[in-house]
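*Asks:*
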Amino acid sequence: MKIQKSFAQDVGTLYLVPTPIGNLEDMTFRAVKTLQTVELIASEDTRNTQKLLNHFEIKVPQKSLHEHNYNERIPELVAFLKNGNSIAQVSDAGMPSISDPGHEFVVACIEEDIPVVALPGATAGMTALIASGLLPQPFYFYGFLQRKKNSQKKELTDLKNQTATMIFYESPHRVKETLKNILEIFGNREVVVCRELTKVYEEYLRGTAEELIMYVTEHPLKGECCLLVSGAEEVEKEEVFEGTLKEQVETLILAGQSSKEAIKSIAKRHGLKKQEVYKEYHEL
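Position one of the sequence shown corresponds to residue 1 (UniProt numbering), numbered consecutively onward.
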């Protein structure tokens, strides 16, 4: 067990700083101040982050931290933090670690008792959810589905009975095929596609899976997309029958059924003739 006192440490701090997902005005005062006061910024793409830093006149140096270099980079950054310096980690847009690099760095800092402080801010999934019109809670954030058709179908099959509203991220070029898989696996559910969140061309497409497939076929999508799908209706749990036929009949009798009703129920459950269950129960 570990207890973190976020603001009572002598070592440096890792700050997880959300960046705008489109509109630069969504940058918080705290996020700007944090980027101004840390000693280093760890960026998914330094070129992309530099545009943000230039906009807010931030002069702090950067180092890249992404999926291709984190194994070599993290030890270097952890050593920097242990020397009393603080680092702000950012992804290209939204929250670090949410479908973006960052998780491995967080884990490494926790293992070394370096405080990790997350700042609230822009995130596409929650932003789309509250305006989607679908039930906002419970929700199930999934992120990106597999690209290969069969792999994606397997994922969706595993999610078929999920009753919470599901949130996916998807490329505009794959939305149509993903919708087709959703229709095939989930049925004709209510779906919302939100694209270009917070930007001037922000758009919500609300309808059934079939309706959205027809629409995107005629109107190919552009821009970043968030795909939300209504959850499955509550499925009544199937009663579990265990033991011999005689024991199963006795279980139903204890639950209040007559022996005649219990024998009939067990016969129906197993596709047997009532006489077969009757003989088993009475040991004839």
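Even for Gly, the Cβ is constructed at its ideal location relative to N, Cα and C.
It should be emphasised that the depicted structure is a prediction, and the values quoted were computed from it without experimental measurement.
Let me know the secondary structure DSSP gives F56 once reduced to three states.
*Replies:* Locating residue 56 in the sequence shown gives position 56, counting from the first residue. Correct three-state label for F56: coil.
*Asks:* Can you tell me whether DSSP reads L40 as helix, strand or coil?
*Replies:* In the sequence shown, the residue the question calls residue 40 occupies position 40. If DSSP states are grouped into helix, strand and coil, L40 belongs with the strands.
*Asks:* Going straight from the alpha carbon of N161 to that of A232, what length do you get?
*Replies:* In the sequence shown, the residue the question calls residue 161 occupies position 161. In the sequence shown, the residue the question calls residue 232 occupies position 232. Whole-angstrom Cα-Cα distance: 5 Å.
*Asks:* Taking E211 as the reference, which of V200, I167, R189 has the closest Cα?
*Replies:* Residue mapping note: residue 211 aligns to position 211 of the sequence shown, counting from 1. Nearest of V200, I167, R189 to E211, Cα basis: R189.
*Asks:* Give the straight-line distance between the Cα atoms of T13 and T163, rounded to the nearest whole angstrom.
*Replies:* The count along the sequence shown starts at 1 and reaches residue 13 at position 13. The count along the sequence shown starts at 1 and reaches residue 163 at position 163. Roughly 39 Å separates the two Cα atoms.
*Asks:* Could you have a look at R206 and say whether DSSP puts it in helix, strand or coil?
*Replies:* Translated into the one-based positions of the sequence shown, residue 206 becomes position 206. Looking at R206 - three-state DSSP - the assignment turns out to be strand.
*Asks:* Considering only residues of the segment 64-126, which uninterrupted beta strand (DSSP E) runs meet the minimum length of 3 residues and lie entirely inside it, listed in chain order?
*Replies:* Those beta strand (DSSP E) runs which fall completely within the segment 64-126 and span 3+ residues are 87-90, 116-118.
*Asks:* Name the residue from N181, D113, V192, V175 whose alpha carbon lies nearest to the alpha carbon of S151.
*Replies:* The residue you call residue 151 lines up with position 151 of the sequence shown. Minimum Cα distance to S151 is reached at N181.
*Asks:* Take E39 as the anchor and find which of R47, C226, I58, P75 has the nearest alpha-carbon.
*Replies:* Along the sequence shown, read from residue 1 onward, the residue named residue 39 stands at position 39. For E39, the nearest C-alpha among the options comes from I58.
*Asks:* When you compare the CB positions of C225 and E170, do they come within less than 7 Å of one another, or not?
*Replies:* Translated into the one-based positions of the sequence shown, residue 225 becomes position 225. Translated into the one-based positions of the sequence shown, residue 170 becomes position 170. Their beta carbons are under 7 Å apart, which means C225 touches E170 by this criterion.
*Asks:* Taking DSSP as the reference, what is the three-state secondary structure of K237?
*Replies:* The residue you call residue 237 lines up with position 237 of the sequence shown. Note that K237 scores a pLDDT of 48, beneath 50, so its modelled location is shaky and nothing firm can be said.
*Asks:* Just confirm the distance between the C-beta atoms of E44 and V90, as a whole number of angstroms; I'd bet it's less than 8 Å.
*Replies:* The residue you call residue 44 lines up with position 44 of the sequence shown. The residue you call residue 90 lines up with position 90 of the sequence shown. The pair is a contact, with the Cβ atoms about 7 Å apart (cut-off 8 Å).
*Asks:* Going by alpha carbons, who is nearest to K153 out of Y140, E184, L135, E104?
*Replies:* What you label residue 153 is simply residue 153 of the sequence shown in a count that begins at 1. That would be E184, whose Cα lies nearest to the Cα of K153.
*Asks:* CB-CB under 7 Å to V11, same chain, minus the five flanking residues each way: which ones, in chain order?
*Replies:* Translated into positions along the sequence shown, residue 11 becomes position 11. So the qualifying residues of the chain are L81, K82, G84, I114.
*Asks:* Keeping to the same chain, check which residues put their C-beta closer than 7 Å to that of K273; ignore five residues upstream and five downstream.
*Replies:* Against the sequence shown, residue 273 aligns to sequence position 273. Answer for K273: A267, listed in chain order.
*Asks:* If you scan the segment 168-204 from start to end, which runs of the alpha helix (DSSP H) of 4 or more residues do you find wholly inside it?
*Replies:* Counting only runs of 4 or more, we get 175-186.
*Asks:* Would M126 pass as a contact of V229 if the rule is Cβ separation under 7 Å?
*Replies:* The sequence position of residue 126 within the sequence shown is 126, counting from 1. The sequence position of residue 229 within the sequence shown is 229, counting from 1. Not a contact, by the Cβ cut-off of 7 Å.
*Asks:* Looking at the structure shown, is M214 part of a helix, part of a strand, or coil, going by DSSP?
*Replies:* Locating residue 214 in the sequence shown gives position 214, where the first residue counts as 1. M214: helix per DSSP, three-state reduction.
*Asks:* Got a sec, what are the start and stop residues for the beta strand (DSSP E) V229 sits in?
*Replies:* Reading the sequence shown from its first residue, position 229 is the one you call residue 229. It spans 225-229 - the beta strand (DSSP E) in which V229 sits, taken as one unbroken run.
*Asks:* Quick one: using the 10 Å Cβ neighbour count with 16 as the cut-off for buried, is Y281 buried or exposed?
*Replies:* Counted from its first residue, the sequence shown places residue 281 at position 281. Result: buried.
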